[in-house]
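There are 2 protein chains.
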Amino acid sequence: MLSHKAKYALKALLYLAEQDENHISKTIEIADGANIPKKFLEQILLDLKRGRFVSSKQGKFGGYYLIKSKNDITLAEIHRLFDGAIALLPCASLNFYEPCSDCKTEEECSLRHGLMIIRNETLKAMQNITIASLINKK
Amino acid sequence: MLSHKAKYALKALLYLAEQDENHISKTIEIADGANIPKKFLEQILLDLKRGRFVSSKQGKFGGYYLIKSKNDITLAEIHRLFDGAIALLPCASLNFYEPCSDCKTEEECSLRHGLMIIRNETLKAMQNITIASLINKK
DNA sequence: CAAAACCCTACCAAGTAGATAGATTTTATA
DNA sequence: TATAAAATCTATCTACTTGGTAGGGTTTTG
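Here the protein sequences come in this chain order: C and W.
In terms of full-length UniProt numbering, the first sequence opens at residue 1 and continues consecutively.
In terms of full-length UniProt numbering, the second sequence opens at residue 1 and continues consecutively.
Set out below in structure tokens:
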């Protein structure tokens with residue numbers, strides 16, 4: 001399941017993507033528009049900034065804006081940024097790989113192969129869902 | 001990600017599926033064979049029993065055995081039993097549906113449609129992974 | 001009748017999620 | 001240059017969940 005953070009991040013990105021080109025959105029604007037607790041959203045926006053999805057302008061009339069095309073922001077990326085691995089176990093993960101500690105037969109745990117199939121399918125689907133695609137289907 | 005419970009459950013089922021027909025496995029046997037803390041495994045086996053995947057025989061020479069074919073036990077079922085919904089948000093779930101509380105535009109939240117596509121793909125993949133298929137690919 | 005298993009309830013420690021609060025820095029402009 | 005508005009930083013809090021452990025009680029069967 002997605003964390004609230006990831007869900008809010010998606011909604012915030014969706015909000016930003018719907019604004020006019022060159023428009024800069026204040027945190028409070030996004031919070032109201034997407035129904036997200038403002039102080040919580042602050043942290044999320046900073047994370048999105050660190051992840052290079054958005055950038056910000058400080059000071060008066062500052063705010064946030066997208067720096068990545070809404071066609072190029074995928075659900076997979078947001079999941080990884082906020083909720084980590086897409087695979088069901090670390091040993092089946094591409095970006096968050098860790099060997100399982102409890103596998104006697106190291107290297108080839110009994111679940112790994114099956115979980116990698118699932119991860120592949122899920123990843124493919126998640127890479128197909130972009131912010132742009134979410135807007136169209138709303 | 002899978003919880004330890006779900007992972008241990010899969011490993012326990014795998015262990016049971018690998019035994020000779022009519023063999024009954026003691027808890028301690030499974031715990032040693034699959035490297036699972038014994039007392040924790042007890043709870044998991046009870047859950048699997050309630051879920052009608054295994055049954056048990058009490059008393060001396062008692063233990064656990066599969067009552068569902070290893071071809072019919074899917075990863076999707078085990079996930080749902082131990083970790084709940086397969087969808088990324090409750091509003092996109094088949095078996096654990098709940099409306100989202102924070103969506104202004106109730107009924108059609110902006111994420112729902114995309115998340116249902118993902119859930120469909122993931123579910124399809126998870127229904128294809130059975131205990132039997134895991135054994136073959138080990 | 002006691003050994004060996006199943007079965008149950010309670011508890012606990014550590015970590016995480018989901019926030020909230022307040023101070024500080026940056027910037028535009030009057 | 002003062003001030004207001006905005007992002008940014010740091011810290012804290014509470015409730016819940018996870019991954020177990022403890023210690024029995026109950027039932028079956030050799």
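In this text, a Cβ means the ideal position worked out from N, Cα and C, and glycines have one as well.
This structure is a prediction, so every number in the text was calculated from the model and none was measured.
Self-check item: Per-residue contacts from W:Asp102 into chain C (C-beta, under 7 Å)
Solution: In chain order: Asn35.
Self-check item: Delimiting residues of the alpha helix (DSSP H) encompassing W:Tyr97
Solution: For W:Tyr97, there is no enclosing alpha helix (DSSP H), since its DSSP letter is neither H nor E.
Self-check item: Rounded straight-line distance, which links the Cα of C:Ser110 to that of W:Leu16
Solution: 13 Å
Quiz prompt | Nearest-angstrom Cα separation, counted from W:Gln127 out to W:Lys39 | solution = 29 Å
Exercise. Following the continuous beta strand (DSSP E) through W:Ser69, name the residue where it begins and the one where it ends.
Key: Run containing W:Ser69: none; DSSP gives neither H nor E here.
Practice problem: Can you have a look at C:Phe53 and say buried or exposed, based on whether 16 or more other CB atoms are within 10 angstroms of its CB? | Solution: buried
Self-check item: Reference W:Cys103; option with closest CA among C:Ile28, C:Asn35, C:His4
Solution: C:Asn35
Practice problem: Name, in chain order, the residues that DSSP records as bridge partners for W:Ser55. | Solution: DSSP links W:Ser55 through a beta bridge to W:Tyr65.
Self-check item: Beta-carbon contacts of C:Ala76 that lie in its chain and below 7 Å, excluding the five residues immediately before and after
Solution: Ile86, Leu123, Met126, Gln127
Quiz prompt | the segment 51-66 of chain C contacting the segment 10-28 of chain C, beta-carbon criterion three pairs below 8 Å | solution = By the criterion of at least three beta-carbon pairs nearer than 8 Å, the segment 51-66 of chain C is in contact with the segment 10-28 of chain C.
Exercise. Go ahead and pull the three-state DSSP assignment for W:Ser25.
Key: strand
Quiz item: Which partner residues of C:Thr130 appear in the DSSP bridge assignment?
Solution: C:Thr74
Quiz item: Does any residue of chain C bring its CB to less than 8 Å from the CB of W:Thr74?
Solution: No, no contact with chain C.
Quiz item: The alpha helix (DSSP H) with W:Glu42 in it runs from where to where?
Solution: 38-50
Practice problem: Give the straight-line distance between the Cα atoms of C:Ser56 and C:Ile117, rounded to the nearest whole angstrom. | Solution: 39 Å
Quiz prompt | Where C:Tyr18 falls: helix, strand or coil (DSSP) | solution = For the record, residue 18 of chain C in the displayed sequence is Glu; it is not Tyr. Three-state DSSP puts C:Glu18 in a helix.
Quiz item: Which chain C residues sit within Cβ distance under 9 Å of W:Leu89?
Solution: Met1, Leu2, Lys7
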